[in-house]
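Have a look at the structure below, then the notes.
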Amino acid sequence: MVKADFADALLFFEPSYLVRRGMEAFLITRTNGRHFIDTLRELEEALKEGKPRVLIMELYHQREYLYDVLRFILTAKNVWPEIPLVIFTAVEHPGILALLATDARIAIVAKKEPLHCLSDAIAAAGEFSGYRSPHIRARLVHSAAALSATEWRVLAMMVAGASPRSIANVTRRSYKTISSHKLNIMRKLGLNQAGFMRLIHTLRTRYPS
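In the numbering used here, each number is its position in the sequence shown, counted from 1, plus 18.
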């Protein structure tokens with residue numbers, strides 16, 4: 019059991035009812051405040067109010083696409099840097115995990131691991147020590163670098179269905195330049211062409227496999 023000394027509520031962004039109930043039973047705090055959020059808009063409002071002491075969240079949800087959740091997480095850590103963030107996830111794609119792992123303030127735990135890893139992550143998240151559970155470390159076979167703003171734009175357009183050539187036309191850049199951005203994204207995330215295309219497909223979904 020986690021006997022965490024949190025003055026305020028834990029905040030959960032978790033689609034599975036059974037996982038919610040399990041976390042409620044496992045996480046014992048000095049407050050009865052536990053709030054479950056169903057949309058990114060609600061999550062943003064809760065963070066603006068400054069109530070949660072720890073945010074625990076899955077990467078996918080019924081109402082949100084994985085790409086949007088991922089971008090929200092990486093942006094939220096800049097907007098609300100004082101809130102510890104624990105990603106408790108069933109998503110295992112190494113490229114997605116690599117994007118998260120570029121921020122040492124985010125603790126990451128695989129759902130398939132023993133629950134003590136979740137308590138370890140919560141404790142470590144308050145110290146912003148970049149906790150990665152054993153299974154997550156095994157999936158992170160490549161040390162990733164953060165994407166630039168231009169690379170995020172190219173990735174977003176590809177997730178939306180654009181090809182490198184159409185991106186070049188829209189952005190008035192050469193096809194060679196856009197292809198270079200794509201190769202840089204792949205290199206930073208340690209992905210080959212097949213892995214990159216699977217990343218694009220996964221980011222388009224609400225329920226990644």
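The beta-carbon is built from N, C-alpha and C at its ideal position, and this holds for glycine as well.
Source: prediction; values computed, not measured.
Cα-Cα separation, residue i to residue j
| i | j | result |
| --- | --- | --- |
| Phe24 | Leu221 | Caution applies to Phe24, whose pLDDT of 44 falls short of 50 and renders its modelled position unreliable; the model cannot decide the point. |
| Phe90 | Leu77 | 10 Å |
| Ala22 | Val72 | With a pLDDT of 47 at Ala22, under the threshold of 50, the predicted position of this residue should be treated as unreliable, and no value is reported. |
| Thr168 | His199 | 8 Å |
| Val177 | Ala128 | 24 Å |
| Ala139 | Ser192 | 44 Å |
| Lys66 | Gly144 | 19 Å |
| Tyr149 | Tyr35 | 26 Å |
| His134 | Ile105 | 14 Å |
| Leu61 | Arg205 | 32 Å |
CB-CB length for residue i against residue j, believed under 8 Å
| i | j | result |
| --- | --- | --- |
| Arg224 | Glu82 | 7 Å |
| Ile203 | Val172 | 7 Å |
| Ile114 | Leu92 | Not really, about 11 Å apart at Cβ, beyond 8 Å. |
Local Cβ density within 10 Å of residue i, reported as buried at 16 or more and exposed below that
| i | result |
| --- | --- |
| His219 | exposed |
| Lys95 | buried |
| Glu100 | exposed |
| His111 | buried |
| Phe5 | Look at the range of the chain in this structure, 19 to 227, and you will see that residue 5 is not part of it. |
| Leu136 | buried |
| Val109 | buried |
Three-state secondary structure (DSSP) of residue i
| i | result |
| --- | --- |
| Glu42 | helix |
| Val87 | helix |
| Val104 | strand |
| Arg59 | helix |
| Val72 | strand |
| His53 | strand |
| His160 | coil |
| Ala29 | Just to set this straight, residue 29 is Leu in the shown sequence, not Ala. Note: Leu29 maps to strand in three-state DSSP. |
| His111 | coil |
| Ala116 | helix |
| Glu145 | coil |
Among the options, the one whose alpha carbon lies nearest that of residue i
| i | options | result |
| --- | --- | --- |
| Gly179 | Pro33, Leu65, Tyr85 and Arg38 | Tyr85 |
| Gly208 | Val159, Ala119, Thr195 and Ser166 | Val159 |
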